[in-house]
Each structure stands twice: as structure tokens, then as C-alpha cells.
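Here the structure comes first, spelled out in C-alpha cells, and everything after it is commentary.
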Amino acid sequence: MNKREPAAYPVVPILFEDNHVLGVSKPVNIPSQEDATGDPDMLTILKQDIKDRYNKPGNVFLGLVHRLDRPVGGAMVFAKTSKAASRLSESVRNRSFRKQYVAVVHGIPAKTSGRLVNMLYKDARTNTVHVTSKGTDGAKEAILDYNVLHTAEDYSLVLIELHTGRPHQIRVQLSHAGLPLFGDQKYGSKVNKAGQQIALWSILVGFPHPVTKEDITIRSMPPSLYPWSLFPMDKLESSLRSDL
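For what it's worth, our numbering labels the leading residue of the sequence shown as 40, then goes sequentially.
Pasting the structure below:
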């Protein structure tokens with residue numbers, strides 16, 4: 040399938056930009072990089088945008104530093120030079136690259152905060168991930184911290200900080216803990232309806248600038264649509280400010 044023309048590309052809000060780094064708010068349902076669907080992806084869209092805005096000839100360099108699952112929106116960072124890409128990738132490896140998410144989950148956790156540690160195994164044939172036992176060949180440790188910010192009806196708004204970056208990590212770990220994400224068809228099909236948008240949002244990315252070493256923080260708030268609209272977004276912003 041051929042990609043659509045650049046004129047049809049969605050607008051991607053820019054949150055931070057200098058000569059080395061580009062921080063944006065990824066719209067939902069756009070892949071982070073090119074996949075088999077041929078749909079417009081973040082790398083292609085942003086390269087074209089840089090080319091257009093700066094009237095750049097030839098190929099534009101843009102490095103993918105981290106990924107968001109296709110249905111997930113929010114803060115995302117790209118490198119504009121190969122040196123920045125290398126240094127940001129090192130920040131990811133040494134865990135100085137901070138990633139926070141908010142999610143709406145089914146149910147109310149017994150503990151208002153805690154840490155989840157699981158061994159995850161990815162089945163490449165089905166593109167699914169599941170919790171397994173230590174010692175399983177190919178399994179990798181996954182760690183996240185969570186904090187319940189608000190509850191409404193039988194849902195909870197949860198702030199999540201990732202300490203590892205495993206595929207589908209948040210979705211799998213919370214589902215395994217009995218807290219499947221709203222709208223997650225893959226790991227919460229028993230409680231979600233077809234067509235619902237997954238309620239998972241990259242709300243913050245923080246990292247040392249690859250050149251200046253300054254602490255950079257990029258934030259993106261979820262849309263005021265259901266189920267996010269169940270929770271007061273001003274209080275969410277306050278909770279984030281007090282947490283950081």
C-alpha cells in the first residue's frame with residue numbers, strides 16, 4: 040500500500056525544538072515508524088515537516104529515540120542530529136531518560152501507589168506480550184511505578200513512571216495486576232468494547248539535553264474526551280506539578 044501524499048499528513052503539535060532535539064505530541068493511531076500498513080508514520084511526517092518549514096533540500100535526518108504504541112498519543116522526542124541520537128539513546132540505556140504516562144484503568148487498585156515488577160516475554164508471531172516466570176528464555180524484566188490520582192465510577196486515573204521500556208509494558212503489567220486499560224482490545228478484551236480508543240497517554244518525557252546537558256522536560260496533556268473527561272484535568276496538572 041502506498042503512503043498518502045504529504046498534504047494529507049496530520050498536523051503534529053511541536054512542544055520543543057532546537058538544533059538538536061525535536062519534542063512533539065504524537066496523535067493517536069499513528070505508528071512511530073514505518074510499518075507494513077504503509078500509513079503515514081511519525082518519522083515520515085516530521086521529516087517532511089522539517090523539510091517544508093526550513094526549505095531543506097535532500098534527505099532530512101531524524102533519529103527515533105523511543106517508541107509509542109500506535110494507539111497511544113502524547114509526548115515523544117526525536118533527535119535532529121546523529122550525535123544527539125547517540126547521546127539520547129545512551130540516556131535511554133542508562134535510565135536518565137524519564138517517561139511518565141497517564142492511563143484510565145478498569146477497577147480501583149487496592150494500594151494507591153506501588154511498583155510492579157514482572158518478567159515479560161514477547162511472541163513475535165502474534166505481536167503479543169505476556170507475563171512469565173524468571174528463567175524463561177527470552178524474557179526480560181519490566182519495572183514500573185504507579186500512583187492513583189483520581190477515581191470515578193469504576194475507573195481509576197493512574198500516573199505511571201516507566202523504569203524499563205518493554206513492548207506493551209504498561210498494558211500487559213496493569214492487565215496482569217487486574218487493572219486492564221480502558222479501550223485496550225489486546226489485553227483487556229473481556230471488559231472493553233470494539234472501537235474504543237485506548238486511554239493511555241505519554242504525559243511527560245524528561246532527559247539531559249544531548250549537547251547542553253540541561254534538564255529538558257516535555258509535557259503533553261490527554262484530550263478532554265471520554266473517559267479522560269471523567270477526571271478533572273486541572274487537578275491532574277496539579278498532581279503532576281507536585282509529583283515532579
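All C-beta atoms in this analysis are idealised placements derived from N, C-alpha and C, irrespective of residue type, glycine included.
Just so it is clear, the structure is predicted and the values come from calculations on it, not from any experiment.
| Asked | Found |
| --- | --- |
| Neighbour flag for S195 against chain C, beta carbons, 8 Å | In summary, chain C is missing from the structure at hand, where a single protein chain is found. |
| Nearest to F136 (by Cα), restricted to the options W267, K252, A233, P262 | K252 |
| For K173, the residue or residues it bridges with in DSSP | Partner(s): none; K173 has no beta bridge. |
| Short Cβ contact (8 Å threshold) for G222 with Q208 | no |
| R43 versus L264: straight-line alpha-carbon distance, rounded | Low per-residue confidence applies at R43: pLDDT is 44, beneath 50, and the placement is therefore not dependable, though the value from the model is reported in the following sentence. Cα to Cα, the separation comes out at about 28 Å. |
| Proximity to A216 [Cα-Cα], best of D91, V156, L198, G97 | V156 |
| Under the three-state DSSP convention, the category M81 falls into | helix |
| S64 versus V141: straight-line alpha-carbon distance, rounded | 14 Å |
| Proximity to Y93 [Cα-Cα], best of D57, A163, D74, S121 | D57 |
| Rounded separation between F246 and I199 - CA only | 17 Å |
| Inter-stretch contact at 8 Å, needing at least 3 Cβ pairs: the stretch 101-117 / the stretch 68-84 | yes |
| Per-residue DSSP class, three states only, for D223 | coil |
| Distance between Q87 and V50 (C-alpha atoms, nearest Å) | 11 Å |
| Residues bridged to I199 (per DSSP) | Y140, Y185 |
| Nonlocal neighbours in the same chain, by C-beta distance under 8 Å from I242, ignoring five residues either side | G113, A114, Q139, Y140, V141, L198, R258, S259, M260, P261, L279 |
| Beta-bridge pairing of W240 - partner residues as DSSP gives them | G112, V141 |
| 8 Å contact criterion, which P148 and V187 should meet: CB distance rounded | 6 Å |
| Which residues DSSP lists as bridging L155, in chain order | L183 |
| Q72 classed as buried or exposed, judged by whether at least 16 other C-beta atoms fall within 10 angstroms | exposed |
| Closest by C-alpha distance to K119, when choosing among V60, I255, R154, D254 | V60 |
| Beta-carbon proximity of D193 to H145, cut-off 8 Å | yes |
| Alpha-carbon spacing of I84 relative to Y48, whole angstroms | 6 Å |
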